[in-house]
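Here the structure comes first, spelled out in structure tokens, and everything after it is commentary.
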């Protein structure tokens, strides 16, 4: 009795697994191919966005450097102007 039960359970599990192991049909294969194409397109979009972001970051860094240089030049010019004003003021007080 116990052997028959084990035999029936074994045969039914083999049949169940054989039914689940069938390959994908054409519709499933087409859907998988479509999903693969979408994933490839998304990867390309991400790569393009990364490249654009890196380009924007480089431009931002360049703009920041130019602004810093302009601020330093303005500060130097202000220091020279203050020195000229000090010289003019000293010439009147003498």
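In mature numbering (1 follows the signal peptide of the UniProt record, and there is no 0), the protein residues as written are -23 to -1, 1 to 71. C-beta atoms are modelled at their ideal positions from N, C-alpha and C, and glycine is treated no differently.
Check	Outcome
Give every residue of the same chain whose Cβ lies closer than 7 Å to the Cβ of residue 41, excluding the five residues on either side of it in the sequence, and list them in chain order.	none
Could you check what DSSP says for residue 2 in three-state terms: helix, strand or coil?	coil
Using only the alpha-carbon positions, how far apart do residue 48 and residue 38 sit?	15 Å
Whose C-beta lies closer than 7 Å to the C-beta of residue 15 among residues of the same chain, with five residues either side of it excluded?	none
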